[in-house]
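Heads up: the structure comes next, in structure tokens.
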Amino acid sequence: METFIKKVAGEIYKNNSETLSDCCIVFPTRRACGTFTEELAKLLPKPTFSPAILTITDFILDQNELTVPHNLSLIVNLYQVYKKDFPELQFSKFLPWGKFILNDFDEIDRNLVDPHSLFRNLEDLKKMDHLLEYTDEQKLALDSFLHLFEKNERSELHENFLGIWEKLSELYDHYNKALEQKGFAYEGSCYKSFYEKLVSGKIKFDHSKIYFAGFYALSESEQLIFQFLTKEGIAECFWDTDQYYDGSTDQEAGKYLKKNKLLDSEYKWNSNYYRDGVKNITFTGVSERSGQAAFVSDLFIEGQSASKWNKDNTVLVLGDETLLLPILNHFPENVKKLNISMGYPIKASKFNEWLNILINVKRRAPREFIPSAILQQFLNHSFNVSLCADNDLRKELFERSRNDIDLPLSESAIIFDADLSKLLLSITSSAHDTFNFVVGMCTIVSKSIEEENEKIIIQTLIENLVELKGSIEAELHLLDSEDGWNLIKEVRNSISVPFDSGDGSGL
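So my numbering is basically just the index in the sequence shown, starting at one, shifted up by 12.
Put into structure tokens, the structure is as follows:
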């Protein structure tokens with residue numbers, strides 16, 4: 013079966029073989045862009061200038077003079093505006109609520125909803141369920157929030173929530189203005205701005221033809237942008253689907269196809285593969301992760317030896333990310349080509365373990381005693397062992413901690429050289445100090461370890477922390493050291509380190 017992206021490449025090349033460089037092809041993801049580039053290259057008989065191949069986000073942001081900073085930077089900037097009305101609120105308390113507000117602002121703008129009408133009163137909150145696409149978890153949170161206001165007697169907490177909600181319209185205006193003054197924006201506002209400029213004739217494209225491919229669940233702004241450009245004759249959309257999805261009103265998986273106003277009965281590549289395609293389905297029950305990983309490896313070896321599988325046309329779908337490393341460790345050595353679409357699971361890395369220990373230790377004052385259990389983890393972690401300047405002393409301190417003897421960091425830090433010991437004992441009284449401390453520690457550790465994957469993860473964290481710190485430099489004075497630790501953990505949790513799949517081939 014020919015893939016969708018291969019069909020798109022063939023169609024675009026057939027219609028634009030002499031003018032490829034004047035075209036722009038837009039996909040939902042970078043991975044799709046990379047795959048399309050490979051498929052298009054196979055069709056070219058000679059070297060030629062490439063068309064522009066962009067993700068939808070890059071396509072939108074290319075027409076915007078504002079920068080979209082790190083998501084946590086957007087939340088810190090929101091906190092700065094929010095704090096003017098609620099000066100007593102600590103950042104650590106605001107962070108979860110700030111994520112919710114920022115997500116709402118982003119969805120409001122992506123869907124071209126009038127924010128002032130939406131926030132006018134609590135009744136508008138009930139309309140959000142159909143104006144915005146929330147997950148089941150978010151809908152439950154909204155229902156719980158609404159329930160607070162249905163009680164006859166409101167507590168002080170209820171009144172505070174009501175006061176916050178009544179200020180959201182004002183907060184939306186002040187926040188967007190503050191971001192604009194700094195040259196920042198969040199993605200949703202860029203989509204809204206793009207659409208408004210487009211319909212007012214303020215956007216001019218360098219491309220003679222724009223192709224949108226593979227878009228199904230469209231926001232209101234995306235749908236109207238595509239609709240405007242197709243009506244103007246500038247753009248064309250490619251879709252493929254199966255009658256299994258769009259041929260039945262009972263099939264929930266096809267709801268976005270049915271809602272798509274751009275689709276008509278003549279759109280390309282509507283197949284009936286699910287019904288007519290040959291299927292061979294086998295169920296096997298395997299209980300443990302290690303057993304599942306071994307089973308997959310055996311299955312792959314069997315398929316290779318019997319020539320049942322073409323590795324470039326085979327997909328392995330995992331139930332969750334914790335299965336990835338066991339499966340990679342069980343794969344036979346002769347499997348050289350893997351095309352892994354998910355990021356490296358940082359939670360399974362030694363670096364994540366080390367960073368958690370470091371934060372637990374460093375949150376205490378230099379002379380405050382560290383519980384023996386945490387101290388043992390600190391002294392015995394492989395990263396710290398490799399950094400140790402006095403291994404005999406480290407072993408001695410470890411044995412003391414095993415006897416439930418708590419020790420202060422000031423006594424434990426002397427196992428390292430003078431510079432590292434000084435950094436460990438440095439005062440972290442602000443978020444600025446906390447960032448500098450973690451970046452300094454990560455830099456030292458990265459130079460001392462040999463595992464390449466761990467080095468890549470550490471370097472990715474350093475880059476993200478430096479980027480975030482640079483974008484919130486003016487706001488750092490609002491944050492204390494505890495806020496700094498919380499931000500660092502948020503950055504760590506948001507990091508995804510992609511696998512390099514080279515040319516995109518392989519299982």
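Don't be surprised by glycine CBs; every beta carbon is placed ideally from N, CA and C.
Three or more beta-carbon pairs under 8 Å between the region 43 to 53 and the region 458 to 477, yes or no?
no
Same chain, Cβ closer than 6 Å to L180, five either side skipped, listed in chain order:
F131
Any idea what DSSP makes of V347, helix, strand or coil?
coil
Could you please give the first and the last residue of the uninterrupted alpha helix (DSSP H) stretch that includes K221?
Unbroken run through K221 is the beta strand (DSSP E), K221 to A225; no alpha helix (DSSP H).
Range covered by the beta strand (DSSP E) that runs through E119
Here E119 belongs to no beta strand (DSSP E); instead the alpha helix (DSSP H) covers F103 to R122.
Beta carbon of S506 nearer than 8 Å to that of P81:
no
Which word fits F161, buried or exposed, when buried means at least 16 other C-beta atoms lie within 10 angstroms of its C-beta?
Low per-residue confidence applies at F161: pLDDT is 49, beneath 50, and the placement is therefore not dependable, though the value from the model is reported in the following sentence. Classification of F161: exposed, given that the 10 Å Cβ count is below 16.
For P286, which residues in the same chain have their Cβ closer than 7 Å to its Cβ, ignoring the five residues on either side in sequence?
One detail in the question is off: residue 286 reads as Tyr in this sequence, not Pro. Taken in chain order, the residues that qualify are D254 and Y256.
Just tell me which of W497, R504 and L491 has its CA closest to the CA of E100.
L491
Return yes when the Cβ of V38 is within less than 8 Å of the Cβ of F16, no when it is not.
no
Output needed for S190: all residues of its chain with C-beta closer than 8 Å, excluding positions within five of it in sequence on either side, in chain order.
This sequence places Ala at residue 190; Ser is not what is there. Taken in chain order, the residues that qualify are N89, Q92 and V93.
Helix, strand or coil for F39? Go by DSSP, reduced to three states.
strand
DSSP beta-bridge partners for F196?
T79
Determine the direct distance from the alpha carbon of R42 to that of P510, and round the result to whole angstroms.
12 Å
From A247 to K221, what distance separates their C-alpha atoms?
6 Å
Pull the bridge partners of S442 from the DSSP assignment, please.
D492
So what does N476 bridge to, in DSSP terms?
DSSP output for N476 lists no bridge partner at all.
Using only alpha-carbon positions, find the residue among I371, I426, P127 and S508 that is nearest to S493.
I371
In terms of DSSP beta bridges, what is T67 paired with?
F39
L387 beta carbon less than 8 Å from that of S424:
yes
Using CA coordinates, which residue listed in G195, F238, N392 and Y198 is at the minimum distance from V211?
F238
Ordered along the chain, which non-local residues of its own chain (more than five positions away) have a Cβ less than 6 Å from that of I120?
P127
Which ranges does the alpha helix (DSSP H) cover as unbroken runs of at least 4 residues, wholly within the region 288 to 347, from first to last along the chain?
301 to 317 and 336 to 342
Given N498 as reference, the closest of L477, S508, E485 and A486 once Cα atoms are compared
L477
Could you name the residues of the same chain whose beta carbon sits closer than 6 Å to that of Q413, not counting the 5 residues immediately before and after it, in chain order?
What sits at residue 413 in the sequence shown is Ser, not Gln. Closer than 6 Å at Cβ, skipping near neighbours: S384, L387 and Q388.
Helix, strand or coil at Y286 [DSSP, three-state]
helix
What do you reckon, are the CB atoms on I382 and D418 nearer than 8 Å?
yes
Where the beta strand (DSSP E) containing E248 begins and where it ends:
A247 to F250
Proximity of K374 and F449 at Cβ, strictly below 8 Å:
yes
I382 (DSSP reduced to helix, strand or coil):
strand
Starting from the N-terminal side, write out each stretch of the beta strand (DSSP E) that is 3 residues or longer and does not extend beyond the region 359 to 441.
none
Environment of F112 [buried if 16+ CB atoms lie within 10 Å]:
exposed
Given this structure, state the Cα-to-Cα distance separating L169 from A225, to the nearest angstrom.
With a pLDDT of only 49 at L169, under 50, the local geometry of the prediction cannot be trusted, and the value read off the model is given with reservation. Computed Cα separation, rounded: 48 Å.
CA nearest to the CA of L391, picked from E380, W366, K54 and A377:
W366
If you check the beta carbons only, do A360 and L337 fall under 8 Å apart?
yes
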